[in-house]
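Q: Read in the numbering used here, the sequence shown has 175 at position 172, and its numbers run on one by one without any break. We put the CB at the ideal spot given by N, CA and C, even for glycine. Here the structure is a predicted model, which means the values were calculated and not measured. Got a structure for you, questions after.
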Amino acid sequence: MVYRAARMVTLLVVAALVAACGVRQAPPYVTVTPVADVFPAIPEVHAMHGVAHVALDVVVDPVSGYPAFEWGTRLGEAPTIRVAPGDTIDMTVHDAMRPFAGRPDDVNVHFHGLTVAPSPPGDEVLMTLAHPGQTLHYRVVIPHDHEPGLYWYHPHAHGEAYYDVTNGMAGAIVVDGMQRHLPALAAMRERVVVLRDVPTGPGFVDDDMPMSGTVATAHRSRRIARSGAGRACRAEMGLQPTLNRRVDARIGIRPGERQFFRVVNASAARYYDLSVDGTPLELVALDGVPLDAYPGTPPTRTVQHVLVPPAGRAEFVVSGLDHSTMLRSACVDTGAAGDANPAVALAHLVDPTTVAGGTAAPVAAPAPSVEPLHVGASLPRNVLSLALPAPA
4 MVYRAARMVT LLVVAALVAA CGVRQAPPYV TVTPVADVFP AIPEVHAMHG VAHVALDVVV
64 DPVSGYPAFE WGTRLGEAPT IRVAPGDTID MTVHDAMRPF AGRPDDVNVH FHGLTVAPSP
124 PGDEVLMTLA HPGQTLHYRV VIPHDHEPGL YWYHPHAHGE AYYDVTNGMA GAIVVDGMQR
184 HLPALAAMRE RVVVLRDVPT GPGFVDDDMP MSGTVATAHR SRRIARSGAG RACRAEMGLQ
244 PTLNRRVDAR IGIRPGERQF FRVVNASAAR YYDLSVDGTP LELVALDGVP LDAYPGTPPT
304 RTVQHVLVPP AGRAEFVVSG LDHSTMLRSA CVDTGAAGDA NPAVALAHLV DPTTVAGGTA
364 APVAAPAPSV EPLHVGASLP RNVLSLALPA PA
């Protein structure tokens, strides 16, 4: 039942993101330059005394012209939020944008996949909106019996969600405790990986606009097809796949070492068919649900690749080889009405004697830049008015 519910939530939100795609004037595009770097670990906010405090501004990136999260002084940054069952996510989101292309840029946040209350001041997305200049205050209480796993947060204002998510406004949420399902994870290095597309050309905001590559539709099938030969998968879609906002990332892993990869596809439309050259993956969880959450199911499953749709999450163990290898996505053709997602190399996996690895250290959450406007205060338009519960 949990699995079906998780899948239904994923499908509904993906459908909402796709449906939200509308014709909007594309801002100037940016050029993505490959960066040879160590693992680009994402800053993390850890719950302290049961509460994870996060303050985000929504601003317009002065370079690209795109909407972006700003966390403290970190433009374009969306920290990973790490909590335990029973903790609370206390988040303020300030809409600092001006109306774009003649339309107001409203904003809210959806805590995707979490089994939490869908009412203010929690995960309510239909009527809770902030206009430019306003701030929302969320208190999302994680139930004590919540499953551990990987989740994510992103804007969910209908009519704008696709645009915002495509522009990278998303971050990961980790609910700790997966080692209860697989004790060996406690000794492994953990890699939180956020896959997202970075706009590199015009056309990404409108399905009817020309793409920058050639899309061969004649060979598309009615079902999702996987092809390593690049069949019907040469389209660039005006988007550059990135790993933790990097192109050509490098991840240190010793020969024989096992690392726990927690991957969220924070793209609005792209599918990833993930594999690591030369070694199988040890799958642990899908969409925040541990495999052994179902009676009689073992805690892991060995696979050669795993398909991660938009909004999907996959958690798996990777074993280091005695030579460099590659984390990559194969071509995924989603059919005549969908996209042909090109094959792409996402990261080099190399011995740490070549490049040092690293994990994100806990970072103190920056203070809110403005006084938050609590859900329950007098708001224009259709923001629900419910009293905030007193902080625990």
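For Asp108 versus Glu163, is the C-beta distance shorter than 9 angstroms?
A: Taking 9 angstroms as the Cβ cut-off, Asp108 and Glu163 qualify as a contacting pair.
Q: Can you round the beta-carbon distance between Pro396 and Ile45 to whole angstroms, since I take them to be within the 8 angstroms contact cut?
A: Past the boundaries of the shown model lies residue 396; the chain is included only from 4 to 395, so the question cannot be answered.
Q: Where Thr131 and Gln262 are concerned, what is the direct C-alpha to C-alpha distance, given to the nearest angstrom?
A: Their backbone Cα atoms lie some 39 angstroms apart in a straight line.
Q: Reducing DSSP to helix, strand and coil, say where Val119 ends up.
A: In the structure shown, Val119 sits in coil (DSSP, three-state: anything other than H, G, I, E or B).
Q: How far does the beta strand (DSSP E) with Asp276 in it reach, from first residue to last?
A: Its beta strand (DSSP E) spans residues 275 to 279.
Q: Residues in the same chain with beta-carbon distance under 6 angstroms from Asn247, minus the five sequence neighbours each way, listed in chain order, please.
A: Pro43, Ile45, Val197.
Q: Can you list, in chain order, the residues of its chain whose CB lies under 6 angstroms from that of Glu193, leaving out five sequence neighbours each side?
A: So the qualifying residues of the chain are Phe263.
Q: Assign Tyr297 to one of three DSSP states: helix, strand, or coil.
A: Correct three-state label for Tyr297: coil.
Q: With a threshold of 16 other CB atoms inside 10 Å of the CB of Gly77, please say whether the residue is buried or exposed.
A: For the record, residue 77 in the displayed sequence is Arg; it is not Gly. When all chains shown are included, Arg77 counts as exposed.
Q: Please look up how many angstroms separate the CB atoms of Ala55 and Asp93, rounded, as I've assumed it's under 8 angstroms.
A: About 7 angstroms; that satisfies the 8 angstroms criterion.
Q: Applying the 10 Å Cβ sphere with the 16-neighbour rule, what's the burial state of Ser278?
A: Looking at its Cβ environment, which holds 16 or more other Cβ atoms inside 10 Å, Ser278 is buried.
Q: Secondary structure at Pro186, three-state DSSP: helix, strand or coil?
A: Helix.
Q: Would DSSP call Ala346 helix, strand or coil?
A: Ala346 falls in the coil class under three-state DSSP.
Q: What first and last residue would you give for the beta strand (DSSP E) that runs through Asp336?
A: That run of the beta strand (DSSP E) goes 328 to 336.
Q: Have a look at Asp200, Asn268, Leu284, Pro258 and flag the residue whose alpha-carbon is nearest the alpha-carbon of Arg249.
A: Among Asp200, Asn268, Leu284, Pro258, the Cα nearest to that of Arg249 is on Asp200.
Q: Under 8 angstroms by Cβ, that's how I've got Val292 and Pro302 pegged, so tell me the actual separation to the nearest angstrom.
A: Not really, about 12 angstroms apart at Cβ, beyond 8 angstroms.
Q: Please tell me whether Thr91 and Val178 are closer than 9 angstroms, where the distance is taken between their beta carbons.
A: Against a cut-off of 9 angstroms, the Cβ pair of Val178 and Thr91 comes out as no contact.
Q: For Tyr69, name the three-state secondary structure that DSSP assigns.
A: Coil.
Q: How many angstroms separate the CA atom of Glu308 from the CA atom of Glu318?
A: In the sequence as displayed, the identity of residue 308 is His instead of Glu. Those two C-alpha atoms are separated by around 12 angstroms.
Q: Return helix, strand or coil for Met51, following the three-state DSSP convention.
A: In the structure shown, Met51 sits in a strand (DSSP, three-state: E or B).
Q: Cα separation between Met329 and Ser122?
A: When rounded, the distance between both Cα atoms is 43 angstroms.
Q: Please identify the residue among Ala87, Val61, Gly89 whose C-alpha is closest to the C-alpha of Glu80.
A: Checked all of Ala87, Val61, Gly89; the closest Cα to Glu80 is Val61.
Q: Let me check one thing: in DSSP terms, what residues is Gly152 bridge-paired to?
A: Paired residues: Val178.
Q: DSSP has Arg249 in a bridge; who is on the other side?
A: For Arg249, which the question treats as bridged, DSSP gives the partners Leu246.
Q: Is the beta carbon of His161 closer than 9 angstroms to that of His115?
A: No, Cβ-Cβ distance for His115 and His161 is not below 9 angstroms.
Q: Val168 by DSSP, collapsed to three states: which one?
A: DSSP places Val168 in helix when its eight states are reduced to three.
Q: Count the other C-beta atoms from every protein chain shown that fall within 10 angstroms of the C-beta of Leu59, then say buried if there are 16 or more, exposed otherwise.
A: Buried: at least 16 other Cβ atoms inside 10 Å.
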